[in-house]
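Chains A and B are the protein sequences, given in the same order.
Quick note on numbering that gives the first Met the number 0: the first sequence kicks off at 0 and runs consecutively.
Quick note on numbering that gives the first Met the number 0: the second sequence kicks off at 0 and runs consecutively.
Glycine included, C-beta positions come from ideal geometry on N, C-alpha and C.
Owing to the predicted nature of the structure, the values given are computational and were not obtained by experimental measurement.
Notes for the one structure printed next.
There are 2 protein chains.
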Amino acid sequence: MRTTSRETGDSSRKRAGNGAAVRDVADDIGLDALVGHAGYAVRRFQIWIFQDFIKTLGAVDIRPTQYSVLTVIGANPGLSQMAVAKRLGIERARLVHLLDSLEQRKYVKRVKSKADRRSHALHLTAHGETALAKFKRLAAEHERHVEDKIGKENREQLLRILAGFT
Amino acid sequence: MRTTSRETGDSSRKRAGNGAAVRDVADDIGLDALVGHAGYAVRRFQIWIFQDFIKTLGAVDIRPTQYSVLTVIGANPGLSQMAVAKRLGIERARLVHLLDSLEQRKYVKRVKSKADRRSHALHLTAHGETALAKFKRLAAEHERHVEDKIGKENREQLLRILAGFT
DNA sequence: TATTGTTATACTCTATAACTATA
DNA sequence: TATAGTTATAGAGTATAACAATA
Numbered sequence: 000m001r002t003t004s005r006e007t008g009d010s011s012r013k014r015a016g017n018g019a020a021v022r023d024v025a026d027d028i029g030l031d032a033l034v035g036h037a038g039y040a041v042r043r044f045q046i047w048i049f050q051d052f053i054k055t056l057g058a059v060d061i062r063p064t065q066y067s068v069l070t071v072i073g074a075n076p077g078l079s080q081m082a083v084a085k086r087l088g089i090e091r092a093r094l095v096h097l098l099d100s101l102e103q104r105k106y107v108k109r110v111k112s113k114a115d116r117r118s119h120a121l122h123l124t125a126h127g128e129t130a131l132a133k134f135k136r137l138a139a140e141h142e143r144h145v146e147d148k149i150g151k152e153n154r155e156q157l158l159r160i161l162a163g164f165t
Numbered sequence: 000m001r002t003t004s005r006e007t008g009d010s011s012r013k014r015a016g017n018g019a020a021v022r023d024v025a026d027d028i029g030l031d032a033l034v035g036h037a038g039y040a041v042r043r044f045q046i047w048i049f050q051d052f053i054k055t056l057g058a059v060d061i062r063p064t065q066y067s068v069l070t071v072i073g074a075n076p077g078l079s080q081m082a083v084a085k086r087l088g089i090e091r092a093r094l095v096h097l098l099d100s101l102e103q104r105k106y107v108k109r110v111k112s113k114a115d116r117r118s119h120a121l122h123l124t125a126h127g128e129t130a131l132a133k134f135k136r137l138a139a140e141h142e143r144h145v146e147d148k149i150g151k152e153n154r155e156q157l158l159r160i161l162a163g164f165t
């Protein structure tokens, strides 16, 4: 049932022949069915990509979700919280906390809507605009890391394949 | 700065012309820079794929991480907890709880190692072997959903591109 | 001293439910 | 009644630190 191509006999078995021996050499462990699952590969890639994003934007302390919120507000000033939440697939309850933090840091402001007094129109502050420009430069740098990791062609192919999920 | 191709004038603006109007029609919101980021598409796709996996294996109450643990133990009997954790990129502290649950459900057993009495050799029970076979059939069904969603060719392309992340 | 499994804590994220003020 | 924003809670998941038993 082992499917790895790095199979090397029993070198990964401590005290081969002992019924209760423990195998623990990580290099020589097959994934079996997992190899055929797109979800597994996608999940591992997503973890790598988020970690690189977090590291690359570490100096400005912006995480992927915060970046996505700022970007969408920047491109669509005046959106309500519901609209942003729906567009990005974030729970509206969670967006409240995200915006609290971004508002505290003076990147975003909630403006009371005159048309519908239940809702807030979201806008970037002047400081937020400047900051977002910098975040975008850093995010572009991160994107180059992705290119270095999987190749320019493959990255473009990936974006094409997954275009429907945005 | 709007990048969506579904731009339709100001139909998404309630009371156009009001400075504090709120836009909330989700269909007409641009993503701007997000469109160029592989991480955003990958994240959205990963969410879709995990939700389908959870739904497809809902009847047997198995989640992606549980499936990956069972699969790796099934393909590599006798592994230590450390080895499984390392191979799958799971914290060893978290694996403890995952195994507690899988052991309670009689899918897995921890066998005290004679070679290194600190560690446990992990094995599937007979019941676990039978169950895993069923899980694999359901997981294959899930994989066909992925194929239906993005296309057979694209799925294969994706697996090729991301082969290095397994 | 170092490692394995364990326990515990904290923080992020997801999923709900309920509350308020509006509509 | 329904909706927007808010608050609260519970369950995953991630990241650490510390401890006992063992190496």
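Asked, Found
"Per-residue contacts from B/Thr165 into chain A (C-beta, under 8 Å)", "Leu30, Leu33, Val34, Tyr39, Ala40, Arg43"
"At least three beta-carbon pairs within less than 8 Å, the stretch 119 to 130 of chain B to the stretch 57 to 75 of chain B", "yes"
"Distance between A/Ala120 and B/Lys85 (C-alpha atoms, nearest Å)", "46 Å"
"N- and C-terminal bounds of the alpha helix (DSSP H) containing A/Ala139", "125 to 149"
"Nearest-angstrom beta carbon gap, B/Val107 and B/Leu123 [assumed within contact, 8 Å]", "6 Å"
"Proximity of A/Ala40 and B/Phe164 at Cβ, strictly below 9 Å", "yes"
"Cα-Cα separation, B/Gln50 to B/Ala138", "12 Å"
"Segment limits, beta strand (DSSP E) that includes B/Arg109", "107 to 111"
"As assigned by DSSP and simplified to three states, the class of A/His36", "coil"
"Beta carbon of A/Glu140 nearer than 9 Å to that of B/Ala37", "no"
"Members of the stretch 118 to 151 of chain A near chain B, C-beta cut-off 7 Å", "Ser118, Ala120, Lys135, Ala138, Glu142, Val145, Ile149"
"9 Å Cβ cutoff, B/Gly73 in contact with chain A", "yes"
"B/Ala120 in three-state terms, based on DSSP", "strand"
"Chain B residues whose Cβ lies nearer than 8 Å to that of A/Gly88", "Arg43, Ile46"
"Collapsed DSSP secondary structure at A/Leu30 in the structure displayed", "coil"
"Listed by chain order, chain A residues near B/Ser100 by CB distance under 9 Å", "Near B/Ser100 there are no residues of chain A at all, since even the closest Cβ is about 19 Å away, more than 9 Å."
"Beta-carbon separation (whole angstroms), B/Leu101 vs B/Thr64, contact threshold 8 Å", "In fact, because the Cβ distance is near 10 Å, the residues do not count as touching under 8 Å."
"DSSP-derived helix/strand/coil call for B/Leu56", "coil"
"Partners in chain A for B/Arg154, counting only beta-carbon separations shorter than 9 Å", "Ala37, Ile160"
"CA nearest to the CA of A/Leu87, picked from B/Ile46, B/Leu157, B/Arg109", "B/Ile46"
"Own chain residues within Cβ distance below 6 Å of A/Ser118, not counting five before or after", "Ser79, Ser112"
"Buried versus exposed, by CB contacts within 10 Å (16 or more), B/Asp31", "buried"
"Same chain, Cβ closer than 6 Å to B/Leu131, five either side skipped, listed in chain order", "Leu69, Gly73"
"Below-9 Å beta-carbon distance, A/Val107 vs any chain B residue", "no"
"Reference B/Asn153; option with closest CA among A/Asp147, A/Lys151, A/Ile160", "A/Ile160"
"For B/Arg104, the nearest candidate out of B/Arg136, B/Lys148, B/Arg116, B/Val59 (CA to CA)", "B/Val59"
"Supposed contact pair A/Ile53 and A/Ser43 - C-beta distance, whole angstroms, cut 8 Å", "For the sequence presented, residue 43 of chain A should be read as Arg rather than Ser. Contact doesn't hold; Cβ gap of about 16 Å is too wide."
"Cβ of A/Val59 within 9 Å of any chain B Cβ", "no"
"Below-9 Å beta-carbon distance, B/Leu171 vs any chain A residue", "Look at the range of chain B in this structure, 0 to 165, and you will see that residue 171 of chain B is not part of it."
"Rounded straight-line distance, which links the Cα of B/Ala114 to that of B/Gly150", "49 Å"
"B/Ala82 beta carbon less than 9 Å from that of A/Ile28", "yes"
"Neighbouring residues, chain B, relative to A/Thr55 (Cβ below 7 Å)", "Near A/Thr55 there are no residues of chain B at all, since even the closest Cβ is about 11 Å away, more than 7 Å."
"Neighbour flag for B/Leu97 against chain A, beta carbons, 9 Å", "no"
"Distance between A/Ile89 and A/Glu155 (C-alpha atoms, nearest Å)", "26 Å"
"Distance CB(A/Gly35)-CB(B/Leu157) smaller than 9 Å", "no"
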